[in-house]
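Read the structure below first, then the notes.
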Amino acid sequence: MKIIVRSVISIVAITAFFGFAYPAVMTGFAALAFHHDSTGSLIEKNGRVVGSRLAAQSFTWPRYFHERPSATVPAYNAGGTTFDNLGPTSPDLAKFVHDRAQAILKLEKPYNPGLTIHDIPVDAVTTSASGIDPDISPAYAALQSRRVAAVRHLPLATIQRLIRQSTDGRSWGFFGEPGVNVLELNLALDKLGGK
Amino acid sequence: MLPSGYSQIVVYVIVLIALAAPLGRYMAWIYTRERDDAVERGFFRLFGRGSGDEQDWKRYGLTVVGFSAIFSLVLYGIERLQHHLPLNPDHLAAVQPHIALNTAASFVTNTNWQYYGGEYTMSYLSQMAGLAVQNFVSAAVGMAVLAAVVRGIARRSGGTLGNFWRDLYRSLVYILLPLSIIVAIILISQGVPQTFDAHATAHTLQGATQTITRGPAASQIAIKELGTNGGGYWNSNSAVPFENPTGLSNFVELISILLIPAAQVFMFGWMVAARRHAWMVFAAMLAVFVIGVGVNLPAEQHGSQVLRNSGVNITMGHGQSGGNMQDKEIRFGQAATATWTVATSDASNGSVNGGFDAMTPAGGAVPLVNLFLGEVIFGGVGSGLYGMFFYILIAVFIAGLMVGRTPEWLGKKIEAREIKLAALGALFVPTMVLTMTAVAILTKSGVASIYNHGVHGFTETLYAYDSQSNNNGSAFAGYGATSFSASFGTVALYFGRFVPLLAALAVGGSLLKKKIVPASAGTFRTDGPTFVALLVGVIGLTAGLMILPALTLGPIVEGLMH
Numbered sequence: 326m327k328i329i330v331r332s333v334i335s336i337v338a339i340t341a342f343f344g345f346a347y348p349a350v351m352t353g354f355a356a357l358a359f360h361h362d363s364t365g366s367l368i369e370k371n372g373r374v375v376g377s378r379l380a381a382q383s384f385t386w387p388r389y390f391h392e393r394p395s396a397t398v399p400a401y402n403a404g405g406t407t408f409d410n411l412g413p414t415s416p417d418l419a420k421f422v423h424d425r426a427q428a429i430l431k432l433e434k435p436y437n438p439g440l441t442i443h444d445i446p447v448d449a450v451t452t453s454a455s456g457i458d459p460d461i462s463p464a465y466a467a468l469q470s471r472r473v474a475a476v477r478h479l480p481l482a483t484i485q486r487l488i489r490q491s492t493d494g495r496s497w498g499f500f501g502e503p504g505v506n507v508l509e510l511n512l513a514l515d516k517l518g519g520k
Numbered sequence: 217m218l219p220s221g222y223s224q225i226v227v228y229v230i231v232l233i234a235l236a237a238p239l240g241r242y243m244a245w246i247y248t249r250e251r252d253d254a255v256e257r258g259f260f261r262l263f264g265r266g267s268g269d270e271q272d273w274k275r276y277g278l279t280v281v282g283f284s285a286i287f288s289l290v291l292y293g294i295e296r297l298q299h300h301l302p303l304n305p306d307h308l309a310a311v312q313p314h315i316a317l318n319t320a321a322s323f324v325t326n327t328n329w330q331y332y333g334g335e336y337t338m339s340y341l342s343q344m345a346g347l348a349v350q351n352f353v354s355a356a357v358g359m360a361v362l363a364a365v366v367r368g369i370a371r372r373s374g375g376t377l378g379n380f381w382r383d384l385y386r387s388l389v390y391i392l393l394p395l396s397i398i399v400a401i402i403l404i405s406q407g408v409p410q411t412f413d414a415h416a417t418a419h420t421l422q423g424a425t426q427t428i429t430r431g432p433a434a435s436q437i438a439i440k441e442l443g444t445n446g447g448g449y450w451n452s453n454s455a456v457p458f459e460n461p462t463g464l465s466n467f468v469e470l471i472s473i474l475l476i477p478a479a480q481v482f483m484f485g486w487m488v489a490a491r492r493h494a495w496m497v498f499a500a501m502l503a504v505f506v507i508g509v510g511v512n513l514p515a516e517q518h519g520s521q522v523l524r525n526s527g528v529n530i531t532m533g534h535g536q537s538g539g540n541m542q543d544k545e546i547r548f549g550q551a552a553t554a555t556w557t558v559a560t561s562d563a564s565n566g567s568v569n570g571g572f573d574a575m576t577p578a579g580g581a582v583p584l585v586n587l588f589l590g591e592v593i594f595g596g597v598g599s600g601l602y603g604m605f606f607y608i609l610i611a612v613f614i615a616g617l618m619v620g621r622t623p624e625w626l627g628k629k630i631e632a633r634e635i636k637l638a639a640l641g642a643l644f645v646p647t648m649v650l651t652m653t654a655v656a657i658l659t660k661s662g663v664a665s666i667y668n669h670g671v672h673g674f675t676e677t678l679y680a681y682d683s684q685s686n687n688n689g690s691a692f693a694g695y696g697a698t699s700f701s702a703s704f705g706t707v708a709l710y711f712g713r714f715v716p717l718l719a720a721l722a723v724g725g726s727l728l729k730k731k732i733v734p735a736s737a738g739t740f741r742t743d744g745p746t747f748v749a750l751l752v753g754v755i756g757l758t759a760g761l762m763i764l765p766a767l768t769l770g771p772i773v774e775g776l777m778h
């Protein structure tokens, strides 16, 4: 009986402190010190939210760089993140990779006649873990650059410069791997104009 | 010059030791401090006469079990009533009963197995006042129990192990809270959301709309890693950019996963005044950790059969990190995902920054085996080290048999009762895992949860019960929730937590009463490399051999088939 009473008192106190006070104080701190970073890293254009730098969104038009495949329903659903969960020997995975590689070849080849399947980096044909990986590898960005340059009538060098500017290097030059933020890259392209 | 991936792992180990050693000393001081602070005195006055007294192992254990049972009920209530409660801006419905039950068990037992997706199942209130609170409490319970068991080893008189309420309070307020605040601030600075605003709606460049879910996440993620809880705010857990936006956030979360369990080894060394012995225990853990990374990383970098045969480029270099990128994120690549996978499965954390289901057979076997070792390689906060004590007892017992002497550990004679308890603690959970897997494979309702067909489906099932029984919480995420799998899992969660916990307290209570035997020339030394080799060997033999037949049915067949 004593255990029950003491447990209940503890639960109330712990919930009040760790369930409410702690997150509330951290939220207050975040709002003051890191307002942008703590509210979803949203990106606005002309006063309208166009996305978050931390979430991939669907790009299918040829004038844009495309994201990695996503296993969420619908694709790039930031409210329903999920793994693909296809096992390493799954025939479904083999078909998925094959189809995706063929689609990339069909899309890019007109602008890059020498392209073969061996030039496609692995991240282009595999789903990300979150389904909203905002990055593509620099290799996949390079592969798409000729198409985007041709469609927008821009010099390839300009596109390559924008890719470099949208590349997040390793943190402190050391931790993690470099990736190209696709939404930021496409926004930079739109800003530049072109057709 | 090492490739960048490997140097990141070396730096990780160095930073971990540099932080864990001083933290361990601080924790030893916290748990042995005589004086209560003003808040402790206030609570003990409120709790009534005798509430702050020392408890023997039975009293201590009873308090732990009672407290956890009542907290389970409260958590279940919050989940079932969330649609009537405040802080539900996205108007989520009540959690289904079997999911709510499994989730309550999962969080109270420091497991955080998730049969649900956080962002579309749990209201802000359920996440914050329910699950996040348990992240603190279940961790603190493990830490308290460890402190009590260590006192049993260290003390030379009396019949008591400490006071649960005092240990709980000190774990929460003096250890978990300050560390969580530091980690949360770093995560917020990297872009992890911390807000009470409802989701944002974005109008994408191609004219569609996209929902950006957010919430008070950073404060919860900090404790989810530090407390070896692992339950994600988002479904894809620490792979989601909002939980883990950068290489730096990944490194900080990765340090947080092993920090307290590693520090507890040093704390143990200080409290029992055997620091060399503690270093040897640490060395044994580190050895198994390094082996895990040494298997997983090359296997994943080599890539899966399907990807190698597809013709696409999986070679590292020329603007990509390459390897098996299926269900992995660009900003982590292979090295940071491999380190995480091994750390989270060693430590009973269970958070993931990439999908296990899609890993190569050898890569995916690593977390499976790690879980089966009983989460003693660093392990869960508290539970890892007290689980390791079982293996240490078995190791000194075997050494004693070899030299023909009564085994001793830290000056205390190890006799039949301790060995029986150690065997119970070490073998109960693996036995339960194999039994439950067998039942789940042989019944229709069990098989219904499987996602991938054939051999891989067996691995998913084995992993599900392995993970829940060992209170890890990571998943071969394809394994689905049915009322059968959720209820069966609930049993695994509670027994997997409390049987070893009570066995450890009983060992502490038993060692407490032993007289100190002075070391002699015949005493097996537990502070040298021989002990490390013996300990690793015992862990490998005890747990490894039990899982080998099951591994043969799962990943080994899968690896051979292609």
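Protein chains in written order, with the working numbering: chain A, 326 to 520; chain B, 217 to 778. Cβ coordinates follow ideal geometry from the N, Cα and C atoms, glycine included.
Cα separation between residue i and residue j?
i, j, result
"A:V337", "B:H415", "29 Å"
"B:M217", "B:W556", "Residue placement at B:M217 is poorly supported in this model, since its pLDDT is 39, which falls under 50; the coordinates still yield a value, given next. Going from the Cα of B:M217 to the Cα of B:W556 covers about 23 Å."
"A:N371", "B:I593", "53 Å"
"B:W495", "B:T337", "44 Å"
"A:R489", "A:F359", "26 Å"
"A:L510", "B:A551", "26 Å"
"B:Y695", "B:G673", "8 Å"
"A:R471", "B:Y602", "59 Å"
"B:L183", "B:G533", "Nothing can be reported for residue 183 of chain B: it is not among the residues displayed for chain B, which extend from 217 to 778."
"B:G423", "A:Y389", "13 Å"
"B:L767", "B:K731", "43 Å"
"B:A356", "A:F421", "45 Å"
"B:F484", "B:I369", "10 Å"
"A:T352", "B:L262", "31 Å"
"B:P745", "B:A500", "9 Å"
"A:Q382", "A:Y401", "5 Å"
"B:R241", "B:G538", "42 Å"
Please classify residue i: does DSSP put it in a helix, a strand, or coil?
i, result
"B:R372", "coil"
"B:I630", "coil"
"A:K434", "helix"
"A:S377", "strand"
"B:H419", "strand"
"B:T425", "strand"
"A:K370", "strand"
"A:I461", "strand"
"B:N379", "coil"
"B:W329", "coil"
"B:I614", "helix"
"B:V295", "Rather than Val, the amino acid found at residue 295 of chain B in this sequence is Glu. B:E295 falls in the helix class under three-state DSSP."
"B:Q542", "coil"
"B:W273", "helix"
"A:Q382", "coil"
Around the C-beta of residue i, are 16 or more other C-beta atoms found within 10 angstroms, so that it is buried, or is it exposed?
i, result
"B:P305", "exposed"
"A:A346", "exposed"
"B:Y222", "exposed"
"A:I461", "buried"
"B:V258", "The question names Val, but residue 258 of chain B in the sequence shown is Gly. The residue in question, B:G258, is exposed, as its Cβ has fewer than 16 Cβ neighbours within 10 Å."
"A:K520", "Confidence at A:K520 is low in this model, with a pLDDT of 46, below 50, so its placement is unreliable and no value can be given for it."
"A:W386", "exposed"
Please report the residue range of the beta strand (DSSP E) in which residue i lies.
i, result
"A:G504", "G504 to N506"
Assuming residue i is part of the alpha helix (DSSP H), what are its boundary residues?
i, result
"B:R761", "In the sequence as displayed, the identity of residue 761 of chain B is Leu instead of Arg. Element bounds for B:L761: L761 to L767."
"B:T677", "V671 to S685"
"B:Q406", "L393 to Q406"
"A:L481", "L481 to Q490"
"B:G753", "P745 to I755"
"A:R495", "That residue, A:R495, is in no alpha helix (DSSP H); it is neither H nor E in DSSP."
"B:G662", "K660 to V663"
"B:K730", "Neither: B:K730 is in no alpha helix (DSSP H) and is coded neither H nor E."
Can you pull the chain C residues whose beta carbon is under 8 Å from the beta carbon of residue i, in chain order?
i, result
"B:R430", "Looking for chain C here will not work: the only protein chains present are A and B."
Would you check if the stretch 378-385 of chain B and the stretch 497-513 of chain B touch, i.e. whether three or more CB-CB distances between them fall below 8 Å? With a cut-off of 8 Å, the stretch 378-385 of chain B and the stretch 497-513 of chain B do not count as touching, because too few Cβ pairs lie within range.
The stretch 358-365 of chain B touching the stretch 581-599 of chain B, judged by at least three CB pairs closer than 8 Å: Touching, yes, given that three or more Cβ pairs across the two stretches are closer than 8 Å.
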